[in-house]
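Colleague:
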Amino acid sequence: QLGNRGWSWDDCLPFFKKAERWGEGSSEVHGTDGYLFTSAMDRSPICAKVIEAGKQLGLDYREDVNDLPPGAGPSIGWCQQTRGGRRRASTARSYLRPASKRPNLQLVTHALVHRIVFDGQRAIGIDFSRHGRIERVLAQREVILSAGAVGSPHLLQLSGIGDPEHLAKIGIETHHALPGVGKNMQDHYVVRVTYPIHGMRTANERARGLPLAAEVMRYLIAGKGMLTYSASLVAASVKILPESATPDVQISFAPGSFKDGQIGALEEEPGLTGGPWQMRPLSRGYVQARSPRPEDPPLINPRYLTEESDRRAIVGGLRFVRQIFNAPALKAYIGDEKLPGARVQTDDELLDYAKRNGNTVYHASCTCMMGQHAMAVVDDQLRLHGFEGLRVVDASVMPSVTSTNTNAPTIMIAEKAASIIKAEAVPKPQARAA
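Residue numbers (our numbering): 232 to 665.
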């Protein structure tokens, strides 16, 4: 909870389950009646070899990687995905689309929010532009800010809420001093290890020509195959740092290899990729407005690997990926390491490779962190400190980034926020005198 009442595992689990419609049977940690379809993923033969390699290195196999007992040690298992039938089950599809015809819901698209409108210390609406015109919408109850870990702090700063020194520097008058806005940004940072593969098919050759046509037919007929894959199929949780009590690095495996410098572009030759990222990084960055103009994107600096423990974790993670690739289950199928390559061996060389070639896992968070300390932005009811009528509901409120993907936790935050908001909106019964 990190000092925040009502945010323990036991408090949050009901909202994880409320959101989920798990299609693989009953479970203590999965919901089956929610809006968001989730399911097991179709399995790749080469990634099955990764599972075997992990087991050979002492990792426990977990059929359900989201159902780990407290204090669980290093493990490996198949990833799960938000998919219902043949289609990705996004929150837009699962939550928004079914509600889109409601008379009390209006969606405004092709719009850019300029600022939050205040009456003293109460938020009463927003100003936004659409088709070249500035419009204003007023709130009857509250303004709910859900612009994400980048957008939410940026909009608060544009509205005069943030660090007064930074706001003055870019020409924004301070409406309320809240120095933590945009600070404490965390994200997971991944670095690729790639090997060429022979003797087994990967996504590289299956994504072109006749094999691709066959994959399309398989998807259309059975809803299976490569076209249903997510970014990674297998996840291993390993303990790298001696001071860690539980696993501290996750390794994501994809049944393909990608062109250097081209995100998502597959190489011509078959390959296999493993990417380690620290589960609980200590490095923190920031999001800052560049100017008073909402059209100007904010400055984003995650400050990856600035903490020494993060550097040790990523170097150790790269070494562990190499061990998996060279375990007996995979050894017969791999060629010479392509990335980072055999010449990269020392800790300094691996760290230099990580700094030059790493990328975001798109888990930005913590820029409007929850708490009661000087750098906190919202309280445990998600209300902005110092204001009425304004809550922040997105990944920015996390006090620290979750130790795995942020998708499900962010949806949980939204479900819990909805419960909090509805409970406060219902008038409490008046006590009667005896």
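Ideal placement from N, C-alpha and C gives every residue a C-beta, glycine not left out. All values derive from a computational prediction rather than experimental measurement.
Kindly list the residues whose CB is nearer than 7 Å to the CB of Arg372, restricted to its own chain and excluding five residues on each side of it in sequence; keep chain order.
Modeller: Looking up residue 372 in the sequence shown gives position 141. Excluding positions up to five away in sequence, the list reads Ala656.
Colleague: In the structure shown, what three-state DSSP assignment does Pro507 receive?
Modeller: On the sequence shown, position 276 is the one that residue 507 refers to. Strand at Pro507.
Colleague: What does the Cβ neighbour count give for Arg622, buried or exposed, with the cut at 16 atoms within 10 Å?
Modeller: The count along the sequence shown starts at 1 and reaches residue 622 at position 391. Classification for Arg622: buried.
Colleague: From the DSSP output, read off the bridge partner residues of Asn638.
Modeller: Position 407 of the sequence shown, counting from 1, holds the residue named residue 638. Partner(s): none; Asn638 has no beta bridge.
Colleague: From which residue to which residue does the beta strand (DSSP E) around Ile428 run?
Modeller: For this step, residue 428 is matched to residue 197 along the sequence shown. Run containing Ile428: none; DSSP gives neither H nor E here.
Colleague: Give a yes or no on contact between the region 308-321 and the region 460-472, applying the rule of three or more CB pairs nearer than 8 Å.
Modeller: A contact between stretches requires three or more CB pairs, one per stretch, nearer than 8 Å, and the region 308-321 meets this requirement with the region 460-472.
Colleague: Ignoring anything shorter than 4 residues, give me the alpha helix (DSSP H) runs that lie fully in the region 333-413, in order along the chain.
Modeller: Whole alpha helix (DSSP H) segments, 4+ residues: 379-389, 395-400.
Colleague: Who are the near neighbours of Arg222 in its chain, counting only those whose CB is closer than 7 Å to its CB and skipping five residues on each side?
Modeller: Summary: the structure shown does not reach residue 222, with the chain confined to residues 232 through 665, and so no result is reported for it.
Colleague: Kindly indicate which residue of Lys562, Ile401, Trp238 has the alpha-carbon position closest to the one of Glu283.
Modeller: Residue numbering aside, residue 283 sits at position 52 when the sequence shown is read from its first letter. Looking at the Cα atoms, Lys562 is the closest of the given residues.
Colleague: Going straight from the alpha carbon of Ala573 to that of Pro245, what length do you get?
Modeller: Stepping through the sequence shown from its first residue, residue 573 is reached at position 342. Stepping through the sequence shown from its first residue, residue 245 is reached at position 14. If I take the Cα positions, the gap works out to 48 Å.
Colleague: Roughly how many whole angstroms lie between the Cα atoms of Glu366 and Pro384?
Modeller: Against the sequence shown, residue 366 aligns to sequence position 135. Against the sequence shown, residue 384 aligns to sequence position 153. Their Cα atoms are separated by approximately 21 Å.
Colleague: Which partner residues of Ile531 appear in the DSSP bridge assignment?
Modeller: Within the sequence shown, numbered from 1, the residue matching residue 531 stands at position 300. Paired residue(s): Val518.
Colleague: Under the rule that 16 or more other beta-carbon atoms within 10 Å means buried, what is Ala453, buried or exposed?
Modeller: Locating residue 453 in the sequence shown gives position 222, where the first residue counts as 1. Exposed, because fewer than 16 other Cβ atoms sit within 10 Å of the Cβ of Ala453.
Colleague: Note down, in chain order, each residue of its chain lying with its Cβ closer than 8 Å to the Cβ of Thr477, except the 5 sequence neighbours on either side.
Modeller: For this step, residue 477 is matched to residue 246 along the sequence shown. Shown here for Thr477: same chain residues with a beta carbon closer than 8 Å to its own, the five before and five after excluded, namely Gly302, Ala303, Gly304, Lys470 in chain order.
Colleague: Reducing DSSP to helix, strand and coil, say where Ile545 ends up.
Modeller: Position 314 of the sequence shown holds residue 545. Three-state DSSP puts Ile545 in a helix.
Colleague: Grab the span of the alpha helix (DSSP H) containing Leu247 for me, first residue to last.
Modeller: In the sequence shown, counting from the first residue as 1, residue 247 sits at position 16. One detail in the question is off: residue 247 reads as Phe in this sequence, not Leu. Its alpha helix (DSSP H) spans residues 240-250.
Colleague: Among the candidates Glu500, Phe349, Leu458, whose CA atom is the shortest distance from the CA of Gly566?
Modeller: Counting from 1 along the sequence shown, the entry for residue 566 is found at position 335. Residue Glu500 is the option with its Cα nearest to Gly566.
Colleague: Have a look at Val608 and Cys597 and give me their C-alpha separation to the nearest angstrom.
Modeller: Residue mapping note: residue 608 aligns to position 377 of the sequence shown, counting from 1. Residue mapping note: residue 597 aligns to position 366 of the sequence shown, counting from 1. When rounded, the distance between both Cα atoms is 10 Å.
Colleague: Evaluate contact between the region 493-508 and the region 545-559, counting only Cβ atoms and requiring at least three cross-stretch pairs below 8 Å.
Modeller: yes
Colleague: Buried or exposed for Gln481, going by 16 or more other Cβ atoms inside 10 Å?
Modeller: As a position in the sequence shown, residue 481 is number 250, starting the count at 1. Buried, by the Cβ-count rule.
Colleague: Using DSSP bridges, identify the partner residues of Ile482.
Modeller: Residue numbering aside, residue 482 sits at position 251 when the sequence shown is read from its first letter. According to DSSP, which records beta bridges pairwise, Ile482 is partnered with Ala467, Pro507.
Colleague: Expressed to the nearest angstrom, what Euclidean distance is found between the alpha-carbon atoms of Asp610 and Leu343?
Modeller: Here residue 610 corresponds to residue number 379 of the sequence shown, with the count starting at 1. Here residue 343 corresponds to residue number 112 of the sequence shown, with the count starting at 1. Roughly 27 Å between the two C-alpha positions.
Colleague: Please report the distance separating the alpha-carbon of Asn557 from that of Arg423.
Modeller: By one-based count along the sequence shown, residue 557 stands at place 326. By one-based count along the sequence shown, residue 423 stands at place 192. Those two C-alpha atoms are separated by around 16 Å.
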